[in-house]
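If you read the sequence shown in the UniProt record's numbering, its first letter stands for residue 1, the second for the next number, and so on.
See below for the structure under consideration.
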Amino acid sequence: MSEEEKESSSSYESGSSSDESSSEEETVIKPVFVSKAQRNTQQTPPATKETTKDEDQRRKEIIYSKLDTKETETTTLSKKDEFDGADDTDDIEPEVEFENWKSRELARFQRDFEIIKQVELEKEDQLKRQLQDQAK
């Protein structure tokens, strides 16, 4: 077969033939596991004495500045400003605290009673409406 016959007979394969040629040129590389010991990791160059001295000096300056700020913060706080989050005023006046608790408890009972009463009234209303609808 001549080239013209191949082109005419395989006109619909012409698009795939270009794909085949490009896939032959490309090679697929498989991922390969490399253990941690075999990896080439970048390591920092060894530090010179000058850089370590500079770094040490800088660290000391940072530490001193942090200590200075902590000292100024603690001196500005007074005893009234400090609050550890715990209320330690219990049992100072037990009789008064008991009376306050009693009044709060009574208010809770009254509130709950009113809610229950309201719910019962609504249920009675619904029942009356249902009976009226059934009577019609």
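We put the CB at the ideal spot given by N, CA and C, even for glycine.
Cβ-Cβ distance between residue i and residue j below 9 Å
{"i": "Glu97", "j": "Asp87", "result": "no"}
Neighbourhood of residue i by C-beta distance below 6 Å, restricted to the same chain and skipping five residues each side
{"i": "Lys117", "result": "none"}
{"i": "Ala37", "result": "none"}
8 Å CB neighbourhood of residue i in its chain, flanking five on each side removed
{"i": "Glu61", "result": "none"}
Beta-carbon contacts of residue i that lie in its chain and below 7 Å, excluding the five residues immediately before and after
{"i": "Ile63", "result": "none"}
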